[in-house]
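Residue numbers (the numbering used here), protein chains in the order written: chain A, 1 to 256; chain B, 257 to 512. Each residue gets a CB set at the ideal place from its N, CA and C atoms; glycine is no exception. Data block below; observations after.
Number of protein chains: 2
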Amino acid sequence: MHDPFVAFETELDRAHGLEDRLDAAQAALAAYGFTSMIYDYTPVPFAHDGELITPSLLKLRNIEANMADLWCRGGYYQIDPVQLVAAKSATPFVWSYAQPEGSALGRVMAPRHAPVVSYLKDTRMTCGVTVPIHLSGGDFATFTGIRIDPEGDFGAALRQHLAAISLIGHIFHGAVYPDFDPRIRTCQHVKLTAKEIECLRLTAQGLTAKQIAHKLDRAVGTINLHLTLAIKKLGAKNRVQAIARAAHYRLLDGAC
Amino acid sequence: MHDPFVAFETELDRAHGLEDRLDAAQAALAAYGFTSMIYDYTPVPFAHDGELITPSLLKLRNIEANMADLWCRGGYYQIDPVQLVAAKSATPFVWSYAQPEGSALGRVMAPRHAPVVSYLKDTRMTCGVTVPIHLSGGDFATFTGIRIDPEGDFGAALRQHLAAISLIGHIFHGAVYPDFDPRIRTCQHVKLTAKEIECLRLTAQGLTAKQIAHKLDRAVGTINLHLTLAIKKLGAKNRVQAIARAAHYRLLDGAC
DNA sequence: GGCAAAGCTAGCAAATTTACTAGGGGGTGG
DNA sequence: CCACCCCCTAGTAAATTTGCTAGCTTTGCC
Numbered sequence: 001m002h003d004p005f006v007a008f009e010t011e012l013d014r015a016h017g018l019e020d021r022l023d024a025a026q027a028a029l030a031a032y033g034f035t036s037m038i039y040d041y042t043p044v045p046f047a048h049d050g051e052l053i054t055p056s057l058l059k060l061r062n063i064e065a066n067m068a069d070l071w072c073r074g075g076y077y078q079i080d081p082v083q084l085v086a087a088k089s090a091t092p093f094v095w096s097y098a099q100p101e102g103s104a105l106g107r108v109m110a111p112r113h114a115p116v117v118s119y120l121k122d123t124r125m126t127c128g129v130t131v132p133i134h135l136s137g138g139d140f141a142t143f144t145g146i147r148i149d150p151e152g153d154f155g156a157a158l159r160q161h162l163a164a165i166s167l168i169g170h171i172f173h174g175a176v177y178p179d180f181d182p183r184i185r186t187c188q189h190v191k192l193t194a195k196e197i198e199c200l201r202l203t204a205q206g207l208t209a210k211q212i213a214h215k216l217d218r219a220v221g222t223i224n225l226h227l228t229l230a231i232k233k234l235g236a237k238n239r240v241q242a243i244a245r246a247a248h249y250r251l252l253d254g255a256c
Numbered sequence: 257m258h259d260p261f262v263a264f265e266t267e268l269d270r271a272h273g274l275e276d277r278l279d280a281a282q283a284a285l286a287a288y289g290f291t292s293m294i295y296d297y298t299p300v301p302f303a304h305d306g307e308l309i310t311p312s313l314l315k316l317r318n319i320e321a322n323m324a325d326l327w328c329r330g331g332y333y334q335i336d337p338v339q340l341v342a343a344k345s346a347t348p349f350v351w352s353y354a355q356p357e358g359s360a361l362g363r364v365m366a367p368r369h370a371p372v373v374s375y376l377k378d379t380r381m382t383c384g385v386t387v388p389i390h391l392s393g394g395d396f397a398t399f400t401g402i403r404i405d406p407e408g409d410f411g412a413a414l415r416q417h418l419a420a421i422s423l424i425g426h427i428f429h430g431a432v433y434p435d436f437d438p439r440i441r442t443c444q445h446v447k448l449t450a451k452e453i454e455c456l457r458l459t460a461q462g463l464t465a466k467q468i469a470h471k472l473d474r475a476v477g478t479i480n481l482h483l484t485l486a487i488k489k490l491g492a493k494n495r496v497q498a499i500a501r502a503a504h505y506r507l508l509d510g511a512c
């Protein structure tokens, strides 16, 4: 029996680069009746204040050109209720803005989400499947299939495909993730200099500023200033809180 | 068309408690030819030194009685290569000890894993599917179907069911997770007292020992001692490293 | 009921951090 | 080519942390 997932994996192996693989994923979704696709990746889903962080990678297929701008620069990502559900759950889910009542989406929707809901209704992308992909390092991706102008019962029909779309999403992510460059993989929510990050990591490993100064062959004053500037950029009150936030933003590269 | 996943969800809704739901999941797996099931959950998959942490919940169905003891108290969990692959990946996968070559399992297997491999061969549980479930909080579960005495081509046949088993695993976890009690959800790798944790959390929020003393109406010496003891238990060199490790073990409850 | 262990209480000297100060060099844009 | 901004360099007084000290209370077990 021909396995569609093996065929998809073969397609992904043959594709060269992210854009080709996105096209392959789009074709795989089309076989299930989807017209559009969204894939995004973020090293850290939430800021320390609980706000969703704009992803470092957002890719669209067959979607209005202004969506990327609204989501990445217009603040729409932070008020996207589907993204909120995905960030807090690990289970793939069908969503519909036409009939959100009784669903996970319906439970999180609030007035602040209205601009996103309006936009998706205007562009007739009111129905889809989202696969949350939480990764072992705390990073996070979503893989979404959307149907433009869905028929009345398309949402119900989607449930038949949830298992397949979920696996396609995981296979796709597994294929593209190894090629992400360091800028995509690193949280840009707070921008620290290389010296600031280096000093934070050594501090998280238990070295005092004096020990770091000796290790890096620099004056203690220099190390203290790097740490102080990092504390300020992280909005922390002191060095300890800065380390807690740096850990949250996964800037420590596992150092502890 | 009858949706087996909706039927499974209904079954889980009707079940009372974790054990009943495990039975329901076992029955769902049996429909795909599996004979046995494993589900486990851990608030933190890895210790700060990279070693796998024994899960706070491990449930087995139709598996040798001594497996729980070997895995939870005998150190086998730490040398289980399937668990290592699952902890580092998010994609569900088929595994076979009969023919591990060329698979993710084969790439991680090393001599230190031999006791686990021997045990699974002795108990004829050499083939299965594992669904890693990484959660948004950093916690982690696995859902595994196993076939005892698999026929020669069972591994290949399993690929047909990977999508279905993956969704079943996610649905099952989603059904049981809300009822986990705090002891299961809290990392027990390092045991700190309530006062130690309280002082660590307040420290991570940027309060000095003096400020904490004022807030808790205690002497500074008292706060300092709680923090010092926590530092020792975490094996840290100082307060900053203790916070980095507490964050790693998710003892801070998001505090930063 | 008694004993031991664990947890919480608190003080102090030495070491470290915090929060300010200031200058030089490199890169980018006009 | 020059000016401005950013990053890296470094010093110091006041505040805080570290790492030890010791005693009291509570809890659990025999």
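Residue state for residue 313 of chain B is assigned as strand, using DSSP reduced to three classes. Three or more beta-carbon pairs drawn from the segment 161-177 of chain A and the segment 131-145 of chain A are found closer than 8 Å, and the two stretches are therefore classed as touching. In the three-state reduction of the DSSP assignment, residue 374 of chain B falls in the helix class. The residues 278 and 295, in chain order, have a CB closer than 6 Å to that of residue 315 of chain B in the same chain once the five nearest residues on each side in sequence are set aside.
If you ignore the 5 residues before and after residue 120 of chain A, its C-beta comes within less than 7 Å of the C-beta of 97 and 126, all in its own chain and listed in chain order. For the options B:310, B:504 and B:468, the alpha carbon positioned closest to that of residue 339 of chain B is the one of B:310. Look at residue 96 of chain A here: in three-state DSSP terms it is strand. Cβ neighbours of residue 184 of chain A within its own chain (closer than 7 Å, five residues either side excluded): 41, 56 and 57. No Cβ of chain B is located within less than 8 Å of the beta carbon of residue 66 of chain A.
Taking a contact as a CB-CB distance under 8 Å, the pair residue 204 of chain A and residue 141 of chain A does not count as one, their CB atoms being some 26 Å apart. Counting along the chain, residue 240 of chain A sits inside the alpha helix (DSSP H) bounded by residues 239-248. Residue 155 of chain A: member of the alpha helix (DSSP H) spanning 154-158, first to last residue. In terms of Cβ geometry, residue 348 of chain B and residue 402 of chain B do not form a close pair [threshold 8 Å]. Annotated as proximal: residue 369 of chain B and residue 337 of chain B, with beta-carbon spacing under 8 Å. A direct Cα-to-Cα measurement between residue 464 of chain B and residue 378 of chain B gives close to 57 Å. By the 16-neighbour rule on beta-carbons within 10 angstroms, residue 160 of chain A is exposed. Residue pairing for residue 403 of chain B: DSSP places it in a beta bridge opposite B:383. Neighbours of residue 5 of chain A in chain B, taken as residues whose beta carbon is under 8 Å from its own, are 415, 418 and 419 in chain order. About 5 Å separates the Cβ atoms of residue 94 of chain A and residue 129 of chain A, confirming a contact at the 8 Å cut-off. Annotated as proximal: residue 242 of chain A and residue 230 of chain A, with beta-carbon spacing under 8 Å. Within its own chain, the residues whose Cβ lies closer than 8 Å to the Cβ of residue 124 of chain A, once the five positions on either side in sequence are excluded, are 148 and 149, listed in chain order. CA-to-CA, the gap between residue 69 of chain A and residue 155 of chain A works out to about 28 Å. What residue 311 of chain B touches in chain A, judged by beta-carbon distance under 7 Å, is nothing: the nearest beta carbon there is about 15 Å away. Residue environment analysis places residue 452 of chain B among the buried positions, since at least 16 neighbouring C-beta atoms fall within 10 angstroms of its C-beta. With respect to chain A, the C-beta atom of residue 445 of chain B has no partner C-beta closer than 8 Å. Secondary structure of residue 219 of chain A (DSSP, three-state): coil.
In the assembly as shown, residue 292 of chain B is a buried residue. Its beta-carbon has 16 or more other beta-carbons within 10 Å. Residue 266 of chain B counts as exposed, since fewer than 16 other beta carbons sit within 10 angstroms of its beta carbon. Nearest C-alpha to residue 399 of chain B among B:282, B:365, B:449 and B:494: B:282. For residue 203 of chain A, the enclosing alpha helix (DSSP H) covers residues 194-204. Distance from the Cα of residue 7 of chain A is smallest, within the candidate group A:31, A:17, A:19 and A:110, for A:31. For residue 65 of chain A, the three-state secondary structure derived from DSSP is coil.
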